[in-house]
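Participant:
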Amino acid sequence: MSEPVVSGHSPSGRYRAPWHHNWRLLGGLILFMGLNYAFSDAFSTGDLPLWHRLGLWWLVAALMVVQPVLIDWQLARFLPRTRLGEVSGLVIAATVSIPVMALELEALKRTPILPKDPDPWLPFLGFLTLPVLTVAGFVLFLRLAWEELYLEPESTDATHEASSDSSTASALEQVLYVRAQDHYLEIVGENRRRFVRGRLGEFIGENGARIGARCHRSWWVSDRAIETATRDGRDWKLVLSDGQQVPVARSRVEEVRVRGWLQTA
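Residues -9 to 255, numbered by my numbering, are exactly what the sequence shown covers, in order.
What follows is the structure in structure tokens.
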């Protein structure tokens, strides 16, 4: 298997983060939405002081932008990693965001943050449907657009190689670590990175334990990637050669300790 490469990768080893996880992009969207709502007398809040309106609408904008991402991320743990599963997750995340947003706004009306009388439930849901679906749809579309550009199909030669008993060890020798993301794997080698559809257990195979370890349900790390380890109470983190910090599940501490990784702390 050749070194993993991803489009948009720079020689310094940096890469374009998934757009739906890019907090600068999402933060810019929140900033713009909050300003737009604050100066457009949205929800008849024009009588509030400017600082109050800005704080209120930046909070609301943050909820509208971040919640679909978090809901979709949680759904990804239970839905099949297929195109149908991904689309279903997007639709469910956008739909669930509507009543969640309504409940949060109703709660805010009972605080000084949004001094308004409660609205009838069903008409209020209808009122929120269009703006919530618009924002949630745009944010979740960012994920589909990013995957279309950067995510490789599960049936790539690299994936077939990694799933083969005779070549798994050879393939993994070129990889520093593998991280399971929403619906895909992030595979990192020396200053190179790629994204592939699939499951972590299937990718590393049985041979993965010979040259590394699965220290967390979402992480497999190669022996040669370990730089040091840090401890905070009962919790351990591995510091890798590229500076990445990887959590160690408590259930896997002994397995990691046997490999000698925790002796570097």
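Idealized CB from N, CA, C, for every residue including glycine.
Could you tell me whether the Cβ atoms of residue 213 and residue 249 are closer together than 8 Å?
Facilitator: Start at 1 with the first residue of the sequence shown, and residue 213 comes out as number 223. Start at 1 with the first residue of the sequence shown, and residue 249 comes out as number 259. Cβ distance < 8 Å, so residue 213 and residue 249 count as in contact.
Participant: Should residue 37 go down as buried or exposed, given a rule of 16 or more other Cβ atoms within 10 Å for buried?
Facilitator: As a first step, residue 37 is located in the sequence shown; it is residue number 47 there, counting from the start. Its Cβ having fewer than 16 others within 10 Å, residue 37 is exposed.
Participant: Taking the alpha helix (DSSP H) that residue 85 falls in, what are its first and last residues?
Facilitator: What you label residue 85 is simply residue 95 of the sequence shown in a count that begins at 1. Note, residue 85: alpha helix (DSSP H), 73 to 98.
Participant: Would you please state the rounded distance, in angstroms, between the beta carbons of residue 78 and residue 58? I believe it to be under 8 Å.
Facilitator: Numbered from 1 along the sequence shown, position 88 holds the residue referred to as residue 78. Numbered from 1 along the sequence shown, position 68 holds the residue referred to as residue 58. With a Cβ gap of about 14 Å, residue 78 and residue 58 do not count as contacting.
Participant: For residue 102, which option in 30, 45 and 215 has the closest C-alpha, if you only look at C-alpha atoms?
Facilitator: Indexing the sequence shown from 1 puts residue 102 at position 112. The shortest Cα separation from residue 102 among 30, 45 and 215 belongs to 45.
Participant: Taking C-beta to C-beta, are residue 246 and residue 238 nearer than 8 Å?
Facilitator: The residue given as residue 246 occupies position 256 in the sequence shown. The residue given as residue 238 occupies position 248 in the sequence shown. Yes, Cβ-Cβ distance for residue 246 and residue 238 is below 8 Å.
Participant: Look at residue 177 and residue 184 and say whether their C-beta atoms are less than 8 Å apart.
Facilitator: As a first step, residue 177 is located in the sequence shown; it is residue number 187 there, counting from the start. As a first step, residue 184 is located in the sequence shown; it is residue number 194 there, counting from the start. In contact: residue 177 and residue 184 (Cβ atoms closer than 8 Å).
Participant: Hey, would you say residue 75 sits closer than 8 Å to residue 51, going by beta carbons?
Facilitator: The count along the sequence shown starts at 1 and reaches residue 75 at position 85. The count along the sequence shown starts at 1 and reaches residue 51 at position 61. In this structure, residue 51 does not lie closer than 8 Å to residue 75 by Cβ.
Participant: Which term fits residue 192, buried or exposed, when burial requires 16 or more other beta carbons within 10 angstroms of its beta carbon?
Facilitator: Numbered from its first residue, the sequence shown carries residue 192 at position 202. Flag for residue 192 reads exposed.
Participant: Beta-carbon separation of residue 96 and residue 53 under 8 Å?
Facilitator: By one-based count along the sequence shown, residue 96 stands at place 106. By one-based count along the sequence shown, residue 53 stands at place 63. The answer is no: Cβ separation not under 8 Å.
Participant: Evaluate residue 111 with the Cβ neighbour count: other Cβ atoms within 10 Å of its Cβ, from every protein chain shown; 16 or more gives buried, anything less gives exposed.
Facilitator: As a position in the sequence shown, residue 111 is number 121, starting the count at 1. Residue 111 is exposed by the Cβ-count criterion.
Participant: If you follow the alpha helix (DSSP H) that residue 61 is in, where does it begin and where does it stop?
Facilitator: Walking along the sequence shown from the start, residue 61 turns up at place 71. 40 to 65 is the span of the alpha helix (DSSP H), which, as asked, contains residue 61.
Participant: So the candidates are 30, 224, 172 and 211; which of them puts its Cα closest to the Cα of residue 264?
Facilitator: As displayed, the chain neither begins before -9 nor continues past 255, which places residue 264 out of reach and without an answer.
Participant: Start and end of the alpha helix (DSSP H) containing residue 131?
Facilitator: In the sequence shown, the residue the question calls residue 131 occupies position 141. Start and end: 111 to 140.
Participant: Along the alpha helix (DSSP H) that carries residue 36, what are the first and last residues, could you check?
Facilitator: Counted from its first residue, the sequence shown places residue 36 at position 46. First-last for residue 36: undefined, no H or E at that position.
Participant: Quick one: give me the first and last residue of the alpha helix (DSSP H) that residue 19 is part of.
Facilitator: The residue given as residue 19 occupies position 29 in the sequence shown. Taken as a continuous stretch (DSSP letters only), the alpha helix (DSSP H) holding residue 19 covers 13 to 28.
Participant: Mind checking residue 47: buried by the 16 CB within 10 Å criterion, or exposed?
Facilitator: The residue labelled residue 47 in the question sits at position 57 within the sequence shown. Buried, since its Cβ has 16 or more Cβ neighbours within 10 Å.
Participant: Short of 6 Å in beta carbon distance, which residues of its chain neighbour residue 231, apart from the five on each side in sequence? Order them along the chain.
Facilitator: As a position in the sequence shown, residue 231 is number 241, starting the count at 1. The residues are 215 and 217.
Participant: Residue 131: which of 32, 34, 105 and 62 sits nearest, CA to CA?
Facilitator: Here residue 131 is taken as the residue at index 141 of the sequence shown, counted from 1. When each option's Cα is compared against that of residue 131, the closest is 62.
Participant: Here's a check: name, in chain order, each residue in its chain whose Cβ is nearer than 7 Å to the Cβ of residue 127, leaving out the five neighbours to either side.
Facilitator: The residue given as residue 127 occupies position 137 in the sequence shown. Taken in chain order, the residues that qualify are 84.
Participant: Work out the CA separation of residue 138 and residue 234 for me, nearest whole Å.
Facilitator: Residue mapping note: residue 234 aligns to position 244 of the sequence shown, counting from 1. Residue mapping note: residue 138 aligns to position 148 of the sequence shown, counting from 1. Each residue's Cα considered, the two are about 26 Å apart.
Participant: Could you pull the start and end residues of the alpha helix (DSSP H) that residue 199 belongs to?
Facilitator: Locating residue 199 in the sequence shown gives position 209, counting from the first residue. It spans 198 to 201 - the alpha helix (DSSP H) in which residue 199 sits, taken as one unbroken run.
Participant: Is the distance from the Cβ of residue 205 to the Cβ of residue 228 below 8 Å?
Facilitator: Stepping through the sequence shown from its first residue, residue 205 is reached at position 215. Stepping through the sequence shown from its first residue, residue 228 is reached at position 238. Closer than 8 Å, so yes.
Participant: Is the beta carbon of residue 167 less than 8 Å from the beta carbon of residue 226?
Facilitator: Against the sequence shown, residue 167 aligns to sequence position 177. Against the sequence shown, residue 226 aligns to sequence position 236. Result no, Cβ atoms of residue 167 and residue 226 do not sit closer than 8 Å.
Participant: Taking C-alpha atoms, which residue in 42, 56, 13 and 170 lies nearest to residue 104?
Facilitator: Translated into the one-based positions of the sequence shown, residue 104 becomes position 114. Of 42, 56, 13 and 170, the residue nearest in Cα terms is 42.
Participant: Which same chain residues, not among the five before or five after residue 150, have their C-beta less than 6 Å away from its C-beta?
Facilitator: Taking the sequence shown and counting its residues from 1, one reaches residue 150 at position 160. Interpretation of residue 150 is limited by its pLDDT of 45, a score under 50 that renders its predicted location unreliable; the figure taken from the coordinates is listed afterwards. Contacts found: none.
Participant: If I'm right that residue 141 touches residue 189 with Cβ under 8 Å, what's the distance once you round it to whole angstroms?
Facilitator: To locate residue 141, count along the sequence shown from 1; it is residue 151. To locate residue 189, count along the sequence shown from 1; it is residue 199. In fact, because the Cβ distance is near 14 Å, the residues do not count as touching under 8 Å.
Participant: For residue 242 and residue 21, what's the separation of their Cα atoms in angstroms?
Facilitator: On the sequence shown, residue 242 is found 252 positions in, with the first residue counted as 1. On the sequence shown, residue 21 is found 31 positions in, with the first residue counted as 1. Those two C-alpha atoms are separated by around 41 Å.
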